[in-house]
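Reading through the structure tokens given below for one structure.
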Amino acid sequence: MEVQETRVQTDRVLTIPNILSMARLVGVPLFLWLILRPVFGGPNSDGWALLVLMLSGISDYLDGKLARRWNQISSLGRLLDPAADRLYILSTLLGLTWREILPLWLTAALLARELMLLVMVAILRRHGYPPPQVNFLGKAATFNLMYAFPLLLLSDGSGWLATLAAVFGWAFAGWGTTLYWWAGILYVVQVRRLVKADAVAD
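The numbers in numbering that gives the first Met the number 0 rise by one with no breaks, and the one at position 10 of the sequence shown is 9.
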């Protein structure tokens, strides 16, 4: 979990937090395969897909907590953690949209935000700055979406449980999308300030 930190970074690769992040990355194609099995005529594996998502959420919490507690914050971890977050969000968007559980407009809104951030990262690199660190607001947005997606997947059924999952799933999706864009706008403001400061210095 990547937030603003003042602790000393390490260049170690094989730390427990980094191994957890790597395991999350390995789980991305597995999750996508599980969620798309019914589309290609296979058996429904939504239960296993939900389990992978739950384990991803637990490891996302643990990698940051352990990194801070054991002073194992690393440069690699700062790359792996947000990469795993974004890949899970993108793969879930693809799977749920393909299954017609998510509407295209919501998928487009979230993908547009990702595209905006890619443009900001490109601008920062052109000015010699690293990508912006994930702030608390961005992490809160990710947590909301990671709660929303399993619930929306669970809502693709019948009965009271599916109905309840739909209510809470859409609530988390609405909060997550709003926070996701809010965090994105703050990144744009941050990039604009850096670029403007460079222009004044020149």
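Yeah, the Cβ is synthetic: ideal placement off N, Cα and C, and Gly gets one too.
None of the values given here were measured: they were computed from a predicted structure.
Please classify residue 132: does DSSP put it in a helix, a strand, or coil?
The residue you call residue 132 lines up with position 133 of the sequence shown. In the structure shown, residue 132 sits in coil (DSSP, three-state: anything other than H, G, I, E or B).
Taking 8 Å as the threshold, find out whether the stretch 122-135 comes into contact with the stretch 147-156 through three or more Cβ pairs.
no
What would DSSP say about residue 175, mapped onto helix, strand or coil?
Translated into positions along the sequence shown, residue 175 becomes position 176. It is helical.
Within 10 angstroms of the Cβ of residue 186, are there 16 or more other Cβ atoms? Answer buried if so, exposed if not.
Locating residue 186 in the sequence shown gives position 187, where the first residue counts as 1. By the neighbour-count rule (16 or more Cβ atoms within 10 Å), residue 186 is buried.
Alpha carbon to alpha carbon, what distance is there between residue 67 and residue 7?
Taking the first residue of the sequence shown as position 1, residue 7 is located at position 8. Taking the first residue of the sequence shown as position 1, residue 67 is located at position 68. Summary for residue 7: the model assigns pLDDT 46, below 50, so the residue's position carries little reliability; its value from the coordinates is reported in the next sentence. The straight-line gap from Cα to Cα measures roughly 10 Å.
Relative to the ligand FMN, is the shortest distance from any of its heavy atoms to the C-beta of residue 65 smaller than 7 Å?
The ligand FMN is absent from the structure shown, which contains no ligand whatsoever.
Do you know whose CA, among 94, 120 and 199, lies nearest residue 37's CA?
Start at 1 with the first residue of the sequence shown, and residue 37 comes out as number 38. Looking at the Cα atoms, 94 is the closest of the given residues.
Residue 191: which of 48, 90, 131 and 56 sits nearest, CA to CA?
Working through the sequence shown from its first residue, we reach residue 191 at position 192. Checking every option, the nearest Cα to that of residue 191 belongs to 131.
Please determine, among 81, 90, 59 and 120, the residue with the shortest C-alpha to C-alpha distance to residue 48.
Locating residue 48 in the sequence shown gives position 49, where the first residue counts as 1. The shortest C-alpha separation from residue 48 is found at 90.
Backbone secondary structure at residue 100 - three-state DSSP:
Against the sequence shown, residue 100 aligns to sequence position 101. Reduced to three states, the DSSP call for residue 100 is coil.
Tell me, to the nearest whole angstrom, how far the beta carbon of residue 145 is from that of residue 79; I am working on the premise that it is less than 8 Å.
For the purposes of this step, residue 145 is identified with residue 146 of the sequence shown, where counting begins at 1. For the purposes of this step, residue 79 is identified with residue 80 of the sequence shown, where counting begins at 1. At roughly 16 Å, the Cβ-Cβ gap does not stay under 8 Å, so residue 145 and residue 79 are not in contact.
State the Cα-Cα distance for the pair residue 174 and residue 53, rounded to the nearest angstrom.
Taking the first residue of the sequence shown as 1, we reach residue 174 at position 175. Taking the first residue of the sequence shown as 1, we reach residue 53 at position 54. Going from the Cα of residue 174 to the Cα of residue 53 covers about 19 Å.
Return the chain-ordered list of same chain residues with a C-beta closer than 6 Å to the C-beta of residue 129, the five sequence neighbours on each side being excluded.
Along the sequence shown, read from residue 1 onward, the residue named residue 129 stands at position 130. Within the same chain, residue 129 has no close Cβ partners at all.
Does DSSP classify residue 234 as helix, strand or coil?
The displayed coordinates of the chain run from 0 to 201. Any statement about residue 234 would go beyond what the structure contains.
Smallest Cα separation from residue 50: which of 136, 27, 70 and 139?
Within the sequence shown, numbered from 1, the residue matching residue 50 stands at position 51. Nearest C-alpha to residue 50: 27.
Rounded C-beta distance between residue 179 and residue 114? I'm assuming under 8 Å.
By one-based count along the sequence shown, residue 179 stands at place 180. By one-based count along the sequence shown, residue 114 stands at place 115. Not quite, the Cβ-Cβ distance comes to about 13 Å (not below 8 Å), so this is no contact.
Can the beta-carbon of residue 176 be found closer than 8 Å to that of residue 84?
Position 177 of the sequence shown, counted from the first residue, corresponds to residue 176. Position 85 of the sequence shown, counted from the first residue, corresponds to residue 84. In this structure, residue 84 does not lie closer than 8 Å to residue 176 by Cβ.
Per-residue burial, residue 164 [other beta carbons within 10 Å of its own, 16 or more giving buried]
Here the question's residue 164 lines up with position 165 in the sequence shown. Classification of residue 164: buried, given that the 10 Å Cβ count is 16 or more.
Simplified DSSP assignment, three categories, for residue 28:
Your numbering for residue 28 matches position 29 in the sequence shown. Looking at residue 28 - three-state DSSP - the assignment turns out to be helix.
If we ignore side chains and look at the alpha-carbon of each, how far apart do residue 16 and residue 88 end up?
Here residue 16 refers to the residue found at position 17 of the sequence shown. Here residue 88 refers to the residue found at position 89 of the sequence shown. Answer to the nearest angstrom: the Cα atoms are 20 Å apart.
For residue 182 versus residue 136, is the C-beta spacing smaller than 8 Å?
In the sequence shown, counting from the first residue as 1, residue 182 sits at position 183. In the sequence shown, counting from the first residue as 1, residue 136 sits at position 137. Contact flag set, yes.
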